[in-house]
Structures are given as C-alpha cells and as structure tokens.
Amino acid sequence: MCDSCGCDSSSDPVTISKPGSHFHGHGHPHDHSHDHDHVHVQSRTVRVEQDVLAHNQAISEKNRAYFAEHGIFAMNLVSSPGSGKTTLLEKTITDLKHEVLMSVIEGDQQTARDADRIDATGVPVVQVNTGSGCHLDGTMIANAIAKLEPEDRSVLFIENVGNLVCPALFDLGESAKVVIISVTEGEDKPEKYPYMFRAARLCLINKIDLLPHLDFDVAACREFAARVNPELEFIEVSARTGEGMGQWYAWLKSRLPVDGHAG
Amino acid sequence: MSLALNIVDLAVEAAEKENGGRLSGIEIEVGALSGVMVDSLEFCLEAAARTTKAEGATFSIVSKAACGKCTDCGIDFAATSFYQHCPGCNGIGVQITGGRDLKVTAITIEEESPDV
Numbered sequence: 000m001c002d003s004c005g006c007d008s009s010s011d012p013v014t015i016s017k018p019g020s021h022f023h024g025h026g027h028p029h030d031h032s033h034d035h036d037h038v039h040v041q042s043r044t045v046r047v048e049q050d051v052l053a054h055n056q057a058i059s060e061k062n063r064a065y066f067a068e069h070g071i072f073a074m075n076l077v078s079s080p081g082s083g084k085t086t087l088l089e090k091t092i093t094d095l096k097h098e099v100l101m102s103v104i105e106g107d108q109q110t111a112r113d114a115d116r117i118d119a120t121g122v123p124v125v126q127v128n129t130g131s132g133c134h135l136d137g138t139m140i141a142n143a144i145a146k147l148e149p150e151d152r153s154v155l156f157i158e159n160v161g162n163l164v165c166p167a168l169f170d171l172g173e174s175a176k177v178v179i180i181s182v183t184e185g186e187d188k189p190e191k192y193p194y195m196f197r198a199a200r201l202c203l204i205n206k207i208d209l210l211p212h213l214d215f216d217v218a219a220c221r222e223f224a225a226r227v228n229p230e231l232e233f234i235e236v237s238a239r240t241g242e243g244m245g246q247w248y249a250w251l252k253s254r255l256p257v258d259g260h261a262g
Numbered sequence: 000m001s002l003a004l005n006i007v008d009l010a011v012e013a014a015e016k017e018n019g020g021r022l023s024g025i026e027i028e029v030g031a032l033s034g035v036m037v038d039s040l041e042f043c044l045e046a047a048a049r050t051t052k053a054e055g056a057t058f059s060i061v062s063k064a065a066c067g068k069c070t071d072c073g074i075d076f077a078a079t080s081f082y083q084h085c086p087g088c089n090g091i092g093v094q095i096t097g098g099r100d101l102k103v104t105a106i107t108i109e110e111e112s113p114d115v
C-alpha cells in the first residue's frame, strides 16, 4: 500500500504501453466548484461505513469475471526487487511457448526494460508504468487487458512492481498470487512481510544454484512462510540453470485443462 | 497514498449524496491487521484532500483491535499478528476474524442554510 512508503500514484500519471508505443492511462481529475450565497453554516455528521478498498475490489471482480469468461488463468507474480521474476518469466515462456498460450502484463515504476525483454520472447506484452506508485491496481489491469487483448484459453502473467508490501493489499482479479523469494535475500522475509506470504498460493524459492555460496537456510525460510500461511506451496528453482523449473511447469499446467490451455 | 486518495474520494462522494457542502471532518477506522500504517496515512490524507471538498478537514483515525478464532479449540481472542499461536491451546490453526478493515466510518459536513 502506498501510504506505507509515501509514494504517490496520482502525481505521476500511470502509463500503459506496448513495446515500441506509448499510451497514457488514467489520471485523477477532481473538479468541485460551487457558488453559493449562503450565510448560516451548520455541521452535520453522517455515518458512512464504506470500505476503502471496495472500489478496487469491484473493478478486480470485473477483471476476474472477464478472465473466467475467456478461460484466462491469471497469475500475479510478486516479490521484492531483484528476486529474478523477469528472468524466471523469460525462461518459463521460452520453455512453454509451444505448449501454452501466454501473455504478460509488466508492472514497473519506470522504463519498459522488462516488457522489451518479454517482447523478445515473442509473446504479447504490455508495460504498465505506475510512476511513483508502488503496486498495480485493478484499474491498471483493466486498462492493460484492453490494450493487450489476451487470447481466450491462455495464461496471463502479471509481473507486479517489485515490492513485498503494497501489492499484497490490492486484488487484481487474478486466480493466484505467486510470491518469489531468492536465496540472496534473508530467509526471514516471510516473517518480516507476512501479508504477502499470507496472500500467496505458491512460493518459488529462486536462484538455488547460488546456495553453495550462501548461508541461506531453505528449511528455515519454508518454516517461516508456513507459519504465516500453512496452505502455501513451495517449489525450489533456478531460472538460470533450469533446476526445479519442471516442477513449476507441472504446477502451472496442473491449473490448466487437459488440452494444455487454460479453461 | 492511493489509499488516502480513495478515502478522500469516498468521503466527497458521500458528502455529495447528502447534498452537503464542505467536509470538516472524516472518521476512518483502521484495523490493527489492515496493513496500514496510521502515521503514513495521516501524512498522506492532508495532501490527498487538497483542492477537494475535504480540504482542511480534520481526519480522526480510530484504531480497531484485531481478533482471532482458534480452529482447534474454538476460543476467540485478541490477535496481535497473523503470526500467532492460540493463547488457549497453543495450536497454529488460527483464523483472523476481525481487524483487517480500512473504512470511512463517518463524515462531518458543513451545511449552509439560506439566510432568513
């Protein structure tokens, strides 16, 4: 959530673009001008009882309905910066693109670097730049879907902004959150950022090829995460060497119907 | 900040439904496990209210304690984190049953009545 880090998604407009193009997304207009000739002012307190995240939730439910209607399995990939999300996506797409229809929404504060990397793999991709905002929200995804037009019966990867805090609070309409932690981080991340690990369905522990050089305790990491979310599944992978990736592909494909495409 | 903007939007919309004028007060309920830091939220709210009907309004933030229920022994208790054993049976089958909300609970509208 942005209020924890002071970032302001309103001051910089969100942009949504395909590689090689440029598109401006929504702003945040306010217009309240009134001219009155009144004198007496009384104050009145009204009970409201409105959930603040309800607006995002309503848009995300529409996204969810759209995905269901079109047989799209949407995954929200979340992690801290540098966990290797984009490399993992590149590898996944390269290995599966002849079996599974895929498309990608890339979220970053600035630049289209990640979208360019995904574009090079040949699958459709749209970049959402959040400006100074630190997470994607339902509206950004709705606008990105309109631009991306993912195919029916496909997998949509949503690579969220690298941040283990705010993206946990904002539903995008996805079928599952997949949290990625790399072994170059502290194994106590799940304890430090419990909201994210609680919201996720699967935890990918990435960069395991580096384990011989590090003190990262995989068992302790899993234990911390399991205490926050006893239902969380784990797969240990190296997107660089390909180790464990087969298990991740099996997990992914198990979410799809028998013909190999989402339904 | 986007949460602060959402809060101001909700309050202004509610005021407009009431045919109200300027907002002088907004009451917000923040659950202990909502993930929202009250200090940061307060900081953002003032900025979010600028150029809206809520500019200059007083924001009162009411913290709401969280509660949990043990799925093993069934007791209800005050929860302090997601990361907690049942205080009754020390089990880990704990469900958070309250204190995750972030709500605008009330608004105070300055109503202008015609001079008589």
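As given, the protein sequences belong to chains A and B, one line each in that order.
If you count the first sequence from 1, position 90 lands on 89 in numbering that gives the first Met the number 0, and the numbers rise without skipping.
If you count the second sequence from 1, position 33 lands on 32 in numbering that gives the first Met the number 0, and the numbers rise without skipping.
Just so it is clear, CB atoms sit at the ideal spot from N, CA and C, and this is done for glycine as well.
Model, not experiment: these values are computed from the prediction.
- DSSP, reduced to helix, strand and coil, places glutamate 89 of chain A within a helical segment of the structure shown.
- The beta carbons of glutamate 26 of chain B and serine 59 of chain B sit closer together than 8 Å.
- At least 8 Å separates the beta-carbon of isoleucine 6 of chain B from that of valine 178 of chain A.
- Of the candidates B:Asp75, B:Ala105 and B:Glu110, B:Asp75 places its Cα closest to the Cα of isoleucine 95 of chain B.
- The three-state reading of DSSP puts glutamate 184 of chain A in coil, since its state is none of H, G, I, E or B.
- Note that the C-beta distance between valine 47 of chain A and valine 103 of chain B is below 8 Å.
- For leucine 168 of chain A, the chain B residues whose C-beta falls within less than 9 Å of its own C-beta are Leu2, Ser33, Gly34, Val35 and Leu101, listed in chain order.
- Going by DSSP, methionine 101 of chain A is part of the beta strand (DSSP E) stretching over 101–107.
- Only residues of its own chain outside the window of five on either side were considered, and among them Glu26 have a CB closer than 6 Å to the CB of alanine 105 of chain B, listed in chain order.
- Here glutamate 150 of chain A carries a coil assignment [DSSP, helix/strand/coil].
- Scanning A:Leu255, A:Pro166, A:Lys206 and A:Arg226 for the CA closest to the CA of valine 77 of chain A turns up A:Pro166.
- By DSSP's assignment, lysine 176 of chain A forms a beta bridge with A:Asn75.
- A straight line joining the alpha-carbon of alanine 78 of chain B with that of cysteine 72 of chain B spans about 15 Å.
- Rounded to the nearest whole angstrom, the CA to CA distance from threonine 57 of chain B to arginine 239 of chain A is 53 Å.
- With contact defined as three or more Cβ pairs closer than 8 Å, the stretch 60–80 of chain A and the stretch 28–39 of chain B are not in contact.
- For the stretch 41–62 of chain A, the residues whose beta carbon sits under 7 Å from a beta carbon of chain B are, in order, Gln41, Ser42, Arg43, Thr44, Val45, Arg46, Val47, Glu48, Gln49, Asp50, Val51, Leu52 and His54.
- Comparing alpha carbon positions, the residue from A:Lys146, A:Asp113 and A:Gln108 closest to leucine 135 of chain A is A:Gln108.
- With respect to the 8 Å criterion, cysteine 220 of chain A and isoleucine 180 of chain A are classified as neighbours on the basis of their beta carbons.
- Lysine 84 of chain A counts as buried, since at least 16 other C-beta atoms from the protein chains shown sit within 10 angstroms of its C-beta.
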